[in-house]
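Engineer: Sending over a structure as structure tokens; questions will come in a sec.
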Amino acid sequence: MRTGTQARKYRLQGAGLDLALPYLMLAPGLMVVLGVLVYPLWDGLRASTRAYRYGSPVADVGFQNYVQLWSDAQFLNSLWVTVKFVALSVSIEAVLGFALALFCLHEFRGIRLLRTVLIIPMVITPVVVAILFRLIYASDAGMLTALSEAMGGGGVQILGNPLNAFIGLVVLDVWEWTPLMFLILLAGLQSLPHEPFEAARVDGAGPWRVFADLTFPMMRPVLAVAIVLRTIDAFGTFDQVFVLTRGGPGEATRLISIYGYDTAFKFQQTGYAAALFVTIGLVVLALAFSAIRLLRRVDAS
Amino acid sequence: MSTRLARILTTIFVLAVVLLPIYWLVSTSLKSNREITQEGTLYPHVPTLDNYVRLFTEKQFGSYLANSVVVTFFSVAIALVFGAMGAYAIARFRLPFAAERKIGLFLLTLRIIPPVVILIPVYLLMLSLGLLDSWLGLIATYTAFNVTFCVWMMESFFREIPVDLEEAAMVDGDSRFGAFRRITLPLAAPGLAATAIFAVLVTFNEFLFALALTATPRAMTMPRGTATLIGRIDTDWASMAAAGVIGALPIVFFALLVQRHLVRGLTMGAVK
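Residue numbers (UniProt numbering), protein chains in the order written: chain B, 1 to 301; chain V, 1 to 272.
And the structure:
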């Protein structure tokens with residue numbers, strides 16, 4: 001006689017063609033992924049150890065492309081610009097998003113309108129977001145210049161000046177992605193248990209104490225996930241810069257993705273660009289896995 | 001009273017920050033280039049729709065829009081079917097060597113790698129297959145990206161659905177696949193919708209691969225076509241603004257329409 005669990009297992013597995021079912025169900029998706037993601041990934045690794053001329057490989061150079069990266073001043077600069085951009089944008093977004101989420105936690109009139117409107121920046125095509133900001137920053141037709149002239153001032157230079165262009169890019173990113181931070185953190189706040197907060201109120205704790213001793217510690221995991229997600233995403237930023245500044249003026253806003261694209265498609269250094277992209281991939285993966293580790297430790301303690 | 005005032009002021013401030021850039025885009029798109037550069041007006045004094053007409057008569061925005069719709073539709077639809085099946089297999093079956101868990105983890109890892117990493121090899125692949133500047137090349141690429149996403153999203157939705165319901169259906173004579181199709185899939189419909197919506201959004205907005213893989217209005221998508229209007233020292237601000245409005249309108253409209261599902265998709269995984 002069969003035991004209960006065995007019968008259950010038998011029923012679930014089924015018989016005949018049903019036994020092959022898991023493989024049949026996995027196959028189509030895996031085939032697409034193998035063909036269009038995994039094969040290119042392997043091909044990219046291979047390309048990164050070669051030298052190309054006019055788009056076809058001419059020599060095996062081993063790890064030379066990777067070594068060369070670290071003495072390439074333009075690569076190092078683009079890496080530095082990217083790190084500055086990501087650190088600055090993501091931390092501003094986290095602070096603003098958290099503040100806004102705390103502010104919206106208590107229902108009040110107008111909150112639905114606010115939440116609806118806040119969806120717009122993150123769903124607009126990134127290319128169009130860049131157009132939006134070019135129209136704001138442009139020295140002749142820009143909103144800033146128009147406002148300044150309406151108040152009796154002169155034209156405003158943003159995209160022509162290295163520091164201003166960089167700040168302008170950070171402002172664009174903050175405008176576009178603070179809403180996502182806000183939505184994630186708001187969902188997190190709404191899922192916190194009520195009891196500790198009521199106990200604190202009974203004890204007469206002030207709002208700052210409640211935030212420092214309760215809200216913030218309880219929100220740490222959600223905050224960490226939101227920051228990690230945004231950081232990984234921001235590392236690959238391309239569209240907005242491509243349309244807003246094309247990396248300029250000079251190299252002021254040339255993120256690593258822009259430099260990689262130019263290396264591949266403008267300077268036609270296919271192998272070198274492949275090595276650059278593999279390096280970016282490894283950096284992001286390392287970032288992601290160390291973040292996951294960190295989160296597990298936070299969860300455990 | 002003072003907290004109420006603070007709330008109103010903050011709300012107005014946030015609304016202004018979000019909406020002013022959009023107001024400026026729309027307002028610029030309704031001006032002539034002369035009004036934009038020489039008069040610097042704060043609102044269109046002589047509103048005109050010429051810029052929009054020009055986009056469709058001279059700049060082939062009709063084709064860009066059609067390409068975007070076709071490519072987005074097929075890549076999302078195929079990925080949903082393949083992804084839902086894969087996710088179900090991972091969520092429900094126990095394979096030898098825990099293969100299903102390893103496959104799930106593998107797909108998740110692929111998702112974390114920024115797409116830019118495979119830009120060059122995908123370009124070389126499409127070049128060798130003769131699929132550059134074609135719908136098929138873009139559809140294949142986007143389907144692959146969407147499959148990893150769909151599997152990851154759908155898996156958690158399937159796990160939430162109790163297995164007993166399928167068992168009951170199978171006792172009543174359904175096959176395993178029949179139980180999946182008739183019982184589980186309909187129950188997972190809200191999750192399926194959230195997944196589809198998010199995939200549509202990302203696919204419609206994609207620019208990097210469209211930039212590398214397409215070159216003519218035959219296959220250029222909306223973001224790609226919009227970007228071609230913008231040279232480095234371009235001063236055709238009016239066309240650019242109108243292109244921005246046309247480029248953003250379908251997806252913003254879509255997003256507002258499906259808002260509730262969208263928020264769930266965006267925040268999912270982060271909170272749970």
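Here a beta-carbon is modelled for each residue, glycine too, at the ideal position from N, C-alpha and C. Keep in mind the model is a prediction, meaning the values are calculated, not measured.
Determine whether the Cβ of SER290(B) lies closer than 8 angstroms to any Cβ atom of chain V.
Structural biologist: By one-based count along the first sequence, residue 290(B) stands at place 290. Closer than 8 angstroms: no.
Engineer: Distance check for GLY168(B) and GLY155(B), CA to CA, integer angstroms please.
Structural biologist: The sequence position of residue 155(B) within the first sequence is 155, counting from 1. The sequence position of residue 168(B) within the first sequence is 168, counting from 1. Going by the C-alpha atoms only, they are around 16 angstroms apart.
Engineer: Short of 9 angstroms Cβ to Cβ, which residues in the segment 58-74 of chain V face chain B?
Structural biologist: Listed in sequence order: no entries.
Engineer: Among residues of its own chain, excluding the 5 on either side of ARG52(V), which ones have a beta-carbon nearer than 6 angstroms to its beta-carbon?
Structural biologist: Working through the second sequence from its first residue, we reach residue 52(V) at position 52. First, the amino acid is wrong: residue 52(V) is Tyr here, not Arg. ALA242.
Engineer: Just how far apart, CA to CA, sit ARG218(V) and LEU185(B)?
Structural biologist: Position 218 of the second sequence, counting from 1, holds the residue named residue 218(V). Position 185 of the first sequence, counting from 1, holds the residue named residue 185(B). Distance between the alpha carbons of ARG218(V) and LEU185(B): 42 angstroms.
Engineer: Quick check: what's the CA-CA separation for SER128(V) versus LEU25(V)?
Structural biologist: For this step, residue 128(V) is matched to residue 128 along the second sequence. For this step, residue 25(V) is matched to residue 25 along the second sequence. Between SER128(V) and LEU25(V), the C-alpha separation is close to 41 angstroms.
Engineer: I need the straight-line Cα distance from ALA212(V) to ILE78(V), nearest angstrom please.
Structural biologist: Position 212 of the second sequence, counted from the first residue, corresponds to residue 212(V). Position 78 of the second sequence, counted from the first residue, corresponds to residue 78(V). Distance between the alpha carbons of ALA212(V) and ILE78(V): 23 angstroms.
Engineer: Looking only at its own chain, which residues have a Cβ that is under 8 angstroms from the Cβ of ALA188(V), when we skip the five neighbours before and after it?
Structural biologist: Residue numbering aside, residue 188(V) sits at position 188 when the second sequence is read from its first letter. ALA84, MET154, PHE157, PHE158 and ILE161.
Engineer: Run through the segment 209-248 of chain V for me and flag every whole beta strand (DSSP E) of 3 or more residues, listed as ranges in chain order.
Structural biologist: Listed in chain order, nothing qualifies, since the segment 209-248 of chain V has no complete beta strand (DSSP E) run of 3 or more residues.
Engineer: According to DSSP, is ALA98(V) helix, strand or coil?
Structural biologist: Here residue 98(V) refers to the residue found at position 98 of the second sequence. Three-state DSSP puts ALA98(V) in a helix.
Engineer: Interface residues of chain V around LEU30(B) at Cβ under 8 angstroms?
Structural biologist: Taking the first sequence and counting its residues from 1, one reaches residue 30(B) at position 30. By Cβ distance, chain V contributes GLY86 and ILE103.
Engineer: Quick one: using the 10 Å Cβ neighbour count with 16 as the cut-off for buried, is PRO186(V) buried or exposed?
Structural biologist: Against the second sequence, residue 186(V) aligns to sequence position 186. PRO186(V) comes out exposed.
Engineer: Note down, one range per segment and in chain order, each alpha helix (DSSP H) of at least 4 residues found wholly within the segment 70-131 of chain V.
Structural biologist: Counting only runs of 4 or more, we get 99-112 and 119-129.
Engineer: Can you give me, in chain order, the residues of the segment 185-210 of chain V that have a beta carbon less than 8 angstroms from any beta carbon in chain B?
Structural biologist: If the cut-off is 8 angstroms between Cβ atoms, the segment 185-210 of chain V has LEU201, PHE204, ASN205, PHE207 and LEU208 near chain B.
Engineer: For VAL271(V), does the three-state DSSP call read helix, strand or coil?
Structural biologist: Counting from 1 along the second sequence, the entry for residue 271(V) is found at position 271. In this prediction, VAL271(V) scores a pLDDT of 49, lower than 50, which makes its location untrustworthy; no coordinate-derived value is stated.
Engineer: Run through DSSP, which three-state label would SER290(B) get?
Structural biologist: Position 290 of the first sequence, counting from 1, holds the residue named residue 290(B). Looking at SER290(B) - three-state DSSP - the assignment turns out to be helix.
Engineer: Kindly list the residues whose CB is nearer than 7 angstroms to the CB of GLN6(B), restricted to its own chain and excluding five residues on each side of it in sequence; keep chain order.
Structural biologist: Indexing the first sequence from 1 puts residue 6(B) at position 6. Any answer about GLN6(B) is weak, because its pLDDT of 48 lies below 50 and its placement is not dependable; what the coordinates show is given next. There are no such residues.
Engineer: Tell me the residue span of the alpha helix (DSSP H) that contains ALA144(V).
Structural biologist: As a position in the second sequence, residue 144(V) is number 144, starting the count at 1. Note, ALA144(V): alpha helix (DSSP H), 135-160.
Engineer: Output, in chain order, the set of chain V residues within a Cβ distance shorter than 8 angstroms of GLY236(B).
Structural biologist: Against the first sequence, residue 236(B) aligns to sequence position 236. Neighbours of GLY236(B) on chain V, chain order: PRO114, PRO115 and VAL116.
Engineer: I need the DSSP call for VAL32(B), collapsed to helix, strand or coil.
Structural biologist: The sequence position of residue 32(B) within the first sequence is 32, counting from 1. Note: VAL32(B) maps to helix in three-state DSSP.
Engineer: Just reading off the alpha helix (DSSP H) that ASP164(V) is part of, what are its end residues?
Structural biologist: Residue mapping note: residue 164(V) aligns to position 164 of the second sequence, counting from 1. First-last of the alpha helix (DSSP H) with ASP164(V): 164-171.
Engineer: For GLY44(B), would you say it is in contact with chain V, using Cβ-to-Cβ distances shorter than 8 angstroms as the test?
Structural biologist: Residue 44(B) sits at position 44 when you count from the first residue of the first sequence. So, interface residue.
Engineer: How about the segment 34-49 of chain B and the segment 257-277 of chain B: do they share at least three Cβ pairs that are nearer than 8 angstroms?
Structural biologist: Enough Cβ pairs lie closer than 8 angstroms, so yes.
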